Every structure is written in structure tokens, then in C-alpha cells.
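These notes concern the structure reproduced below.
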Amino acid sequence: MAIRTGCSCCHMTAHGYDRAGYGESDPNPSRSLRSEASDIAELADALELGPRFYLIGFSLGGHAVWASIKYIPDRIAGAAMMAPVINYRWLGFPRHLSEEAYRKQQLGDQWALRVAYYAPWLLHWWMKQSWLPSSTVIKGTTHLPNRLDAQLREYVMKKSGMFEERRKLATQQGMHESFYRDMMVMFGKWEFDPMDLSQPPFPVHLWHGDEDGLVPVTLQRYICSRLSWIDYHELKETGHYMGGVQSLVDVVLKTLLVASVSA
Numbered sequence: 001m002a003i004r005t006g007c008s009c010c011h012m013t014a015h016g017y018d019r020a021g022y023g024e025s026d027p028n029p030s031r032s033l034r035s036e037a038s039d040i041a042e043l044a045d046a047l048e049l050g051p052r053f054y055l056i057g058f059s060l061g062g063h064a065v066w067a068s069i070k071y072i073p074d075r076i077a078g079a080a081m082m083a084p085v086i087n088y089r090w091l092g093f094p095r096h097l098s099e100e101a102y103r104k105q106q107l108g109d110q111w112a113l114r115v116a117y118y119a120p121w122l123l124h125w126w127m128k129q130s131w132l133p134s135s136t137v138i139k140g141t142t143h144l145p146n147r148l149d150a151q152l153r154e155y156v157m158k159k160s161g162m163f164e165e166r167r168k169l170a171t172q173q174g175m176h177e178s179f180y181r182d183m184m185v186m187f188g189k190w191e192f193d194p195m196d197l198s199q200p201p202f203p204v205h206l207w208h209g210d211e212d213g214l215v216p217v218t219l220q221r222y223i224c225s226r227l228s229w230i231d232y233h234e235l236k237e238t239g240h241y242m243g244g245v246q247s248l249v250d251v252v253l254k255t256l257l258v259a260s261v262s263a
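Sequential numbering from 1 applies to the sequence shown in my numbering.
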């Protein structure tokens, strides 16, 4: 059985769940990487998945996979990440490489990441104010170089009623308890650096598109070059929204199962 973690607006095959502060899940003002891994373990127990299970993280849900590799490796049978978001301040990155990728982000996103890291207590106010540049990712105005990504976003925007209804349900406890706390954990000060992790006792796969306009492929390549135990799959002419890539979710699940049997 697989647990899927990801952005609240993304829907994929397998079992997804609302993380703390999303939907009807209880908020957790002390949310952290460790608490994310603990929530996953508790959910697996509640679903009676057994001692070990598969874990798939999409986009921002990748931080839950990194946390699980760090804190509950004995519970994981196999892990996959699809376009996982990175933290530009992970110490394992060469400074010139992370700064180059960071400077390519739009000004509002650079500022939002700075606030999330240096002044998380100010983030809620910052994201609500309108007289200084703020996150284009949250606004849905980020430039997307991939054609399919742009088309998917345009389709979602045209179906604004459906999109807004789903977003309203996901953030019914407020943007601060959902999106903004995610930003604080993902882009704040991490308890560990993923590039310092030792090889876990299960297969780990990572898929990333070479035209991802939200997560720099250069940094993803570097992470996987440092962690040789990750099987890296780079998809040509592919962007960030991998749920729109035909049959990819089936490929991910099949890859995990085959890798675990072969291990």
C-alpha cells in the first residue's frame, strides 16, 4: 500500500491525506519535519498498512519523504519523489549553484523565501500585504516554461469555480495553518541536510522534469549526484505538474514495487 503526500490541489492515484492544518486535519502550530514523519507513521498504523509501506511525495510533499527517510526508515518499503521542492539554503549545495538558481526566481518569490527563513513570524502578514512583491507561486502567476504546465494552469483557471471550491476546502482553517506553515517548514531552517543522509534500507526514486519552472533542475541534479543511492529519472520536455503526464503515476508505482522485490 502506498501513501501519497503532496500539494493540496494535486490529485494522484494511491492514498492521499490532508496534512496538519489542511482540510479537517487538526492544525499543529509546532509542525516540523519530525512531526511530519510521525504523522505519516500514525496514519499508516490507523490504516493498518502493516509494519512497512510505500511513500510517494509530490512537489512540496517531498519534504515528508526526506523526513521519513531520516526519522522512520524502518517503516518504509520504498520511497518516490516527483518534482520535490528544494530548500535553497541546504548547506550541501555549493553556494554559487544555489545562489544562481535562487536569483532566477521572480523577485516576489525571493522575498517570500527570505521571510520564511529569517522571519517566519512575519510570513502571514507578508503574504497578505499588497504594496511589496510577494509569492507568485501562491498567486498562480509564476512563469511556466513548459507548455503542458501552462496549459494545465490555464485550464484550472478557466474552471475557477471548481478550483476555488477545492482550495476553500483545503484551506478552511486558514492559509496560515496550511500553506504558510508549509512554507515555514519547507523553506525555514531544517533540522538536517538531505545531502548528509546515509543510504536507507529501501529503494528511493526521484522523477524531475527538465523544464520545471518551479523547482530548478540544476539543484535536483546536484542532490542526486551527491546521493548515489537515489535512482534519478529526468523527463525531457516535462514541467512540474507531473500528474498531467500520461501513465506516469502507474510507472512510479510499478517502479517502486519492482525495485522492492529486486532489493
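Glycine included, each C-beta is placed from N, C-alpha and C at the ideal position.
As the structure is a prediction and not an experimental result, all values here were calculated from the model.
Since I believe Phe-179 is in contact with Ala-116 (beta carbons under 8 Å), could you give me their beta-carbon distance rounded to a whole number of angstroms? No, Ala-116 and Phe-179 are not in contact; Cβ-Cβ is about 11 Å, not under 8 Å.
Can you round the beta-carbon distance between Phe-202 and Ala-77 to whole angstroms, since I take them to be within the 8 Å contact cut? 6 Å
DSSP state of Val-252 mapped onto helix, strand, coil: helix
Presumed contact (8 Å Cβ cut-off) between Gln-220 and His-208, rounded CB distance: 5 Å
Would you list, in sequence order, the uninterrupted beta strand (DSSP E) runs of no fewer than 3 residues that lie entirely inside the segment 62 to 118? 76 to 82
Going by C-alpha to C-alpha distance, which of Pro-216, Thr-141 and Arg-19 sits closest to Ala-37? Arg-19
For the beta strand (DSSP E) containing Glu-234, list its first residue and its last residue. 230 to 235
CA-CA distance, Met-195 and His-205? 15 Å
Measuring only the C-alpha atoms, how far is Leu-152 from Gly-244? 8 Å
Do Leu-123 and Met-81 have their C-beta atoms closer together than 9 Å? no
Using three-state DSSP, classify Val-204 as helix, strand or coil. strand
Which residue or residues does DSSP assign as beta-bridge partners of Gly-209? Leu-235
Under 9 Å, do Asn-146 and His-63 count as touching if we go by C-beta distance? no
Hey, how far is the Cα of Thr-268 from the Cα of Glu-234? Residue coverage of the chain in this structure runs from 1 to 263, which leaves residue 268 outside it and unanswerable.
Cβ shell of Arg-52 (< 7 Å), same chain only, five flanking positions each side left out: Arg-75, Ile-76 and Ala-77
Report back the beta-carbon spacing between Asp-109 and Val-137 to the nearest angstrom; my notes put them in contact at under 8 Å. 6 Å
Keeping to the same chain, check which residues put their C-beta closer than 6 Å to that of Tyr-88; ignore five residues upstream and five downstream. Ser-98 and Tyr-102
Reducing DSSP to helix, strand and coil, say where Met-195 ends up. helix
DSSP state of Ala-20, grouped into three classes? coil
Taking 6 Å as the limit between beta carbons, can you name the residues of its chain near Gln-173, skipping five residues before and five after? Gly-21 and Pro-27
Measuring CB to CB, does Ala-83 end up less than 9 Å from Tyr-54? no
With distance defined between alpha-carbon atoms, name the residue in Ser-35, Ala-67 and Ser-134 nearest to Gly-57. Ala-67
Note down the Cα distance separating Val-215 from Lys-70, rounded to an integer number of angstroms. 22 Å
Own chain partners of Ile-230 with C-beta closer than 8 Å, once the 5 adjacent residues on each side are dropped: Val-204, His-205, Leu-206, Ile-223 and Cys-224
Could you give the C-beta distance for Leu-113 and Val-85, rounded to a whole number, given that I count them as a contact under 8 Å? With a Cβ gap of about 11 Å, Leu-113 and Val-85 do not count as contacting.
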